[in-house]
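Student:
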Amino acid sequence: MAGFPKERLFEIEGNCRYLQCSHGCHNKTYLGDEILIKMAQSQENGKVSSNLIPKCPECGGRMQVHIELDGDFLRDKSWQTSCDAYQDFIKKAHGKKIVFLELGVGARNQMIKAPFMKLTNMEKNATYITLNKGGDLYIPEAIAAKSIGIDGDIAEVLQQLVQMR
-6 MAGFPKERLF EIEGNCRYLQ CSHGCHNKTY LGDEILIKMA QSQENGKVSS NLIPKCPECG
54 GRMQVHIELD GDFLRDKSWQ TSCDAYQDFI KKAHGKKIVF LELGVGARNQ MIKAPFMKLT
114 NMEKNATYIT LNKGGDLYIP EAIAAKSIGI DGDIAEVLQQ LVQMR
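Take the sequence shown: its letters are residues -6 to 158, numbered as in the numbering used here.
1. Using 8 Å for Cβ pairs, my map puts Ile(-3) next to Ser75. What's the rounded Cβ distance?
2. Is the CB of Lys(-1) under 8 Å away from at least one CB in chain C?
3. Cα separation between Thr120 and Cys14?
4. What is the residue span of the alpha helix (DSSP H) that Met(-6) lies within?
5. I'd like to know if the segment 25 to 41 and the segment 75 to 84 are in contact, where contact means that at least 3 CB-CB pairs between them fall below 8 Å.
6. Nearest-angstrom Cα distance between Lys(-1) and Asn38?
7. Contact defined as beta carbons within less than 8 Å: I believe Leu130 pairs with Gly142. What is the distance between those atoms, to the nearest angstrom?
8. Judging by CA-CA distance, which residue of Asp144, Lys117, His87, Glu134 is the nearest neighbour of Asn125?
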């Protein structure tokens, strides 16, 4: 949505705009914008009518958002292609100056944080920058000298950075 080419993104935890079979009966995700918007518009007290819950076109079971919530997260061909491209990028960046920029990732989300921190620790010329609001920053001692933690609203901090140019 921000204009980055899709093939340059790796959504490690999935994307809530897509749906997958909750039973994992097949290896395909579906764009869910239309039904998700309809569900959001018709919800009352956080609940939607059961007739709006999307059904799997293969098995008829419930669909769920394509987010890593449990062990049923679908790592389809698109996800694997993105993962491979990310790994390729990391290999090519080895030994070069690299910045790992984390925007709005809470301290408990180790699925995203741990790989960045590990790579920062391993790479001589790496810098780890984390930006989060409400004091939800976590930087381990091992990479503290190569890290920057910014406590603040992402939009406000980025606007301040733009104004500093």
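Cβ coordinates follow ideal geometry from the N, Cα and C atoms, glycine included.
Tutor: So, to answer that:
1. Note that residue -3 is Phe in the sequence shown, not Ile. 12 Å between Cβ atoms; not a contact.
2. No chain C is part of this structure, which consists of one protein chain only.
3. One C-alpha to the other measures close to 39 Å.
4. Segment: none, Met(-6) is in no alpha helix (DSSP H) and carries neither H nor E.
5. Cβ pair count under 8 Å is below three, so no.
6. 35 Å
7. 4 Å
8. Asp144
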